[in-house]
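Undergrad: The listed protein sequences derive, respectively, from chains A and B.
With the first sequence counted from 1, adding 3 to any position gets you my numbering.
With the second sequence counted from 1, adding 7 to any position gets you my numbering.
Backbone N, C-alpha and C fix where the C-beta goes; we use that ideal spot for every residue, glycine too.
For reference, the structure I am asking about is given below.
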Amino acid sequence: MVDAATTHAIEYTINGERQQATVPARRLLVHHIRDTLGMKGTHIGCDTGSCGACSVIVDGRLVKSCMMLAAQADGTAIETVEGLAPDGALTPLQQAFNEQHGLQCGYCTPGLLMAASFLLRRNPNPSEAEIRRAIRGNICRCTGYVNIVRSIEAAAGPAASERAA
Amino acid sequence: MLLESVEYARPDTVEQALTLLSQREGAAPLAGGQSLVNVLKHRVASVELLVDISRIDELRRIEARSDGGLEIGACVTYDELDGSDAVRASHPLLADVAGHIEDQQIRDRGTIGGNCCLSDPTNNLPPLLVALDATMNIRSRSGGVRQVAAEDFFHGYFSTAVGEGELLCSITVPPLPSPGGAGYSTVSLGADSKALARAAALVRGNGVIEDARVVLACFSAAPMRHHGMEAALRGAPATAEAVAAAAAGIGDGLDPPGDVHASTDYRRALAPVVARRAVCQAIGNGGDERG
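What follows is the structure in structure tokens.
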């Protein structure tokens, strides 16, 4: 990609599956995921990088997919909310969101699941303060944060280990 | 949102990036994109070619220098600064400040070079780098590195010493004074949010302040040293009372902007508060308490 162009051939994996595509340079990653791949789990809330609904994990890092070009995803490994439970069995985190009522309208949920998944990989036993800091970039307009934090707490540390047992 | 049609290139080396940036009018470097992508969405700036420098190895390194300082590549992210053992060892405050920029998603993409080159007066890193007396290493295609003191780098709103066809490649941070320390204080809208007033400080001395750099941000278009407070601190005892005396009234001579979040008078009132807190943190970090 040393040469400048308005379209680029890119290659990446998404939820472990290898993909190739030709993308306009101006295409945002979130539009590529939703409109080209048809994976609608990744939501667009604000389109200005403020709400976190479009959060995905790229090469192990949590990013807002509306703040990145699809061309920049070339060569990366992308994880979206669809990849959390590929065989339909909910992860402990998803199960906890269900049990603790960690969602109201559900619009912010995919982004919060990705942010919380990122947190629990980095810090399997976070404090409440660490959880709140980790979801600082994800806005829930139903303001259901108490149950969201409770859900992540329920999925963390010993609770998660017991659940897995 | 749909961006205007734009070209994109991802060079592998700084030389290739400089060639692209210098050959094409309307070419702009793209690092973490956490501001530039929004600028493109809102079409407030016209860019014809995005030169993606975010994966150039040379710009992604953190080097601990033998003198106790750091050389930090322009495309090191905030999260990488926060998590770097080298940065934590020599300049823990820099790691802490980077670790409290906005949110995890922004810290995973946003870069130290982008934070500086955007030159938004509310940005976190510029006042700290001025206080730390960092050097900005700028390269151009015609060769050589142009070194600019951080103090002279920030020209104003969205304007820096980086000229057409040039690229900020790294930032050299000298070792902290010994004895001495650094401090930082912000009053913001919410946790880790947009700053209303900010100060950074560097103090040399133990028991008595031998020298101090006090930098205010959000009070003008670029971070500014407050030479009057620095002079008042020189030779003063490293005590909270002496720092408060040196900070008293420093807002009176300032003409900060007023906006919906903070009036001009409110910002004037905040100046001594953030300056005092930053200097007190700096002396607490070694100015008068180290054995």
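Run through the DSSP bridge pairs and tell me what B:T84 is partnered with.
TA: Translated into the one-based positions of the second sequence, residue 84 of chain B becomes position 77. B:T84 is bridged to B:T118.
Undergrad: Out of A:Q103, A:N141, A:G114 and A:A80, state which residue places its alpha-carbon closest to the alpha-carbon of A:I19.
TA: By 1-based counting over the first sequence, the position of residue 19 of chain A is 16. Residue identity differs from the one stated: residue 19 of chain A is Gly in this sequence, not Ile. With distances taken between Cα atoms, A:G19 lies closest to A:A80.
Undergrad: Can the beta-carbon of A:C54 be found less than 8 Å from the beta-carbon of A:I142?
TA: For the purposes of this step, residue 54 of chain A is taken as residue 51 along the first sequence, with counting starting at 1. For the purposes of this step, residue 142 of chain A is taken as residue 139 along the first sequence, with counting starting at 1. Yes; because the gap between Cβ atoms is below 8 Å, this pair is in contact.
Undergrad: Does any residue of chain A bring its CB to less than 8 Å from the CB of B:A52?
TA: As a position in the second sequence, residue 52 of chain B is number 45, starting the count at 1. Look at B:A52: its C-beta is not under 8 Å from any C-beta on chain A.
Undergrad: I'd like to know if the stretch 258 to 268 of chain B and the stretch 155 to 169 of chain B are in contact, where contact means that at least 3 CB-CB pairs between them fall below 8 Å.
TA: no
Undergrad: Run the CB neighbour count on A:Q97, radius 10 Å, all protein chains shown included, and call it buried at 16 or more, exposed below.
TA: Within the first sequence, numbered from 1, the residue matching residue 97 of chain A stands at position 94. The residue in question, A:Q97, is buried, as its Cβ has 16 or more Cβ neighbours within 10 Å.
Undergrad: Does B:I290 come out as helix, strand or coil in the three-state DSSP assignment?
TA: On the second sequence, residue 290 of chain B is found 283 positions in, with the first residue counted as 1. B:I290 falls in the helix class under three-state DSSP.
Undergrad: In the DSSP assignment, find the alpha helix (DSSP H) that holds A:R139 and state where it starts and stops.
TA: By 1-based counting over the first sequence, the position of residue 139 of chain A is 136. No alpha helix (DSSP H) contains A:R139, which DSSP labels as neither H nor E.
Undergrad: May I have the straight-line CA-CA distance separating A:R124 from B:Q112, to the nearest angstrom?
TA: Here residue 124 of chain A is taken as the residue at index 121 of the first sequence, counted from 1. Here residue 112 of chain B is taken as the residue at index 105 of the second sequence, counted from 1. Annotation: A:R124 to B:Q112 spans about 15 Å, alpha carbon to alpha carbon.
Undergrad: Give me the chain B residues within the contact set of A:S58, using Cβ-Cβ distance strictly less than 7 Å, ordered along the chain.
TA: Your numbering for residue 58 of chain A matches position 55 in the first sequence. Within chain B, the residues near A:S58 are Q112.
Undergrad: From this set, B:S147, B:R31 and B:S177, which residue's C-alpha is nearest B:A157's C-alpha?
TA: Position 150 of the second sequence, counting from 1, holds the residue named residue 157 of chain B. When only C-alpha atoms are compared, the closest one is B:S177.
Undergrad: Have a look at B:R297 and B:F160 and give me their C-alpha separation to the nearest angstrom.
TA: For the purposes of this step, residue 297 of chain B is taken as the residue at position 290 of the second sequence. For the purposes of this step, residue 160 of chain B is taken as the residue at position 153 of the second sequence. Confidence at B:R297 is low in this model, with a pLDDT of 35, below 50, so its placement is unreliable and the value that follows should be read with caution. Going by the C-alpha atoms only, they are around 33 Å apart.
Undergrad: Is the Cβ-Cβ distance between B:P36 and B:I60 less than 8 Å?
TA: In the second sequence, counting from the first residue as 1, residue 36 of chain B sits at position 29. In the second sequence, counting from the first residue as 1, residue 60 of chain B sits at position 53. Cβ distance < 8 Å, so B:P36 and B:I60 count as in contact.
Undergrad: Should B:G151 be labelled buried (16 or more other beta-carbon atoms within 10 Å of its own) or exposed?
TA: For the purposes of this step, residue 151 of chain B is identified with residue 144 of the second sequence, where counting begins at 1. With fewer than 16 other beta carbons inside 10 angstroms of its own, B:G151 counts as exposed.
Undergrad: Closer than 8 Å, CB to CB, is A:L65 near chain B or not?
TA: As a position in the first sequence, residue 65 of chain A is number 62, starting the count at 1. Output row for A:L65: interface = yes.
Undergrad: With the cut-off set at 8 Å, would you say B:A138 and B:V180 are in Cβ contact?
TA: The sequence position of residue 138 of chain B within the second sequence is 131, counting from 1. The sequence position of residue 180 of chain B within the second sequence is 173, counting from 1. No, the pair does not count as a contact, with Cβ atoms beyond the cut-off.
Undergrad: A:V152 versus chain B: which residues are under 8 Å apart at the beta carbon?
TA: The residue you call residue 152 of chain A lines up with position 149 of the first sequence. Going along chain B, no residue has its Cβ under 8 Å from A:V152, so there is no contact; the nearest lies around 15 Å.
Undergrad: Residue range of the beta strand (DSSP E) that B:L174 falls in?
TA: Taking the second sequence and counting its residues from 1, one reaches residue 174 of chain B at position 167. Unbroken beta strand (DSSP E) run through B:L174: E173 to V180.
Undergrad: Taking C-beta pairs closer than 9 Å, name the residues in chain A that B:N131 reaches, listed in chain order.
TA: Residue 131 of chain B sits at position 124 when you count from the first residue of the second sequence. Chain A residues near B:N131: none, gap ~15 Å exceeds 9 Å.
Undergrad: Would you call B:G294 buried or exposed, if buried means 16 or more other Cβ atoms sit within 10 Å of its Cβ?
TA: Residue mapping note: residue 294 of chain B aligns to position 287 of the second sequence, counting from 1. At B:G294, the pLDDT of 49 sits below 50, so the modelled position is not reliable and the matter cannot be decided from this model.
Undergrad: In terms of residue numbering, what span does the beta strand (DSSP E) encompassing B:V221 cover?
TA: Walking along the second sequence from the start, residue 221 of chain B turns up at place 214. From DSSP, the beta strand (DSSP E) with B:V221 extends over V215 to A224.
Undergrad: Check whether the stretch 98 to 107 of chain A and the stretch 78 to 93 of chain B touch, using three or more Cβ-Cβ pairs below 8 Å as the test.
TA: no
Undergrad: With a 10 Å radius around its C-beta and 16 neighbouring C-beta atoms as the bar for buried, classify A:S154 as buried or exposed.
TA: Your numbering for residue 154 of chain A matches position 151 in the first sequence. A:S154 should be labelled buried.
Undergrad: Confirm, please, whether the CB-CB distance from A:L72 to A:A28 is below 8 Å.
TA: Within the first sequence, residue 28 of chain A is the residue found at index 25, counting from 1. Within the first sequence, residue 72 of chain A is the residue found at index 69, counting from 1. It is a contact, given that the beta carbons lie within the stated cut-off.
Undergrad: Skipping 5 residues on each side, what residues in its chain have a beta carbon closer than 7 Å to that of A:G114?
TA: Here residue 114 of chain A is taken as the residue at index 111 of the first sequence, counted from 1. For A:G114, where only same-chain residues beyond five positions count, the Cβ hits under 7 Å are H46, G55, A56, C57, S58 and N141.
Undergrad: Closest to B:Y191 by C-alpha separation, out of B:S42, B:L209, B:L240 and B:A93, would be which residue?
TA: Along the second sequence, one-based indexing puts residue 191 of chain B at 184. Looking at the Cα atoms, B:L209 is the closest of the given residues.
Undergrad: Expressed to the nearest angstrom, what Euclidean distance is found between the alpha-carbon atoms of B:D110 and B:G76?
TA: Mapped onto the second sequence, residue 110 of chain B falls at position 103. Mapped onto the second sequence, residue 76 of chain B falls at position 69. Taking the straight line joining both Cα atoms gives about 27 Å.
Undergrad: Determine the DSSP secondary structure at A:R135, reduced to helix, strand or coil.
TA: For the purposes of this step, residue 135 of chain A is taken as the residue at position 132 of the first sequence. Note: A:R135 maps to helix in three-state DSSP.
Undergrad: Specify whether the stretch 168 to 176 of chain B and the stretch 236 to 253 of chain B touch according to this definition: at least 3 beta carbon pairs, one from each stretch, less than 8 Å apart.
TA: no
Undergrad: Could you check the C-alpha separation between B:T118 and A:H11 for me, to the nearest Å?
TA: Start at 1 with the first residue of the second sequence, and residue 118 of chain B comes out as number 111. Start at 1 with the first residue of the first sequence, and residue 11 of chain A comes out as number 8. About 24 Å.
Undergrad: Rounded to the nearest angstrom, what separates B:F226 and A:I17 at their Cα positions?
TA: Here residue 226 of chain B refers to the residue found at position 219 of the second sequence. Here residue 17 of chain A refers to the residue found at position 14 of the first sequence. C-alpha separation (whole angstroms): 45 Å.
Undergrad: Give me the chain B residues within the contact set of A:G140, using Cβ-Cβ distance strictly less than 8 Å, ordered along the chain.
TA: If you number the first sequence from 1, residue 140 of chain A lands on position 137. In chain order: E109, D110, Q111, Q112 and I113.
Undergrad: B:L57 CB to nearest chain A CB: under 8 Å?
TA: Locating residue 57 of chain B in the second sequence gives position 50, counting from the first residue. By this cut-off, B:L57 is an interface position.
Undergrad: Pop quiz: B:A81 and B:A38 are said to be a contact at Cβ under 8 Å. What is the actual Cβ separation, rounded to whole angstroms?
TA: Walking along the second sequence from the start, residue 81 of chain B turns up at place 74. Walking along the second sequence from the start, residue 38 of chain B turns up at place 31. Yes, they are in contact, since the Cβ atoms of B:A81 and B:A38 sit about 7 Å apart, within 8 Å.
Undergrad: Ignore the nearest five residues each way along the sequence and tell me which others in B:H107's own chain have a CB closer than 7 Å to its CB.
TA: Within the second sequence, numbered from 1, the residue matching residue 107 of chain B stands at position 100. Closer than 7 Å at Cβ, skipping near neighbours: D199.
Undergrad: Report the partner residues of B:S97 according to the DSSP bridge assignment.
TA: Stepping through the second sequence from its first residue, residue 97 of chain B is reached at position 90. In the DSSP assignment, B:S97 is bridged to no other residue.
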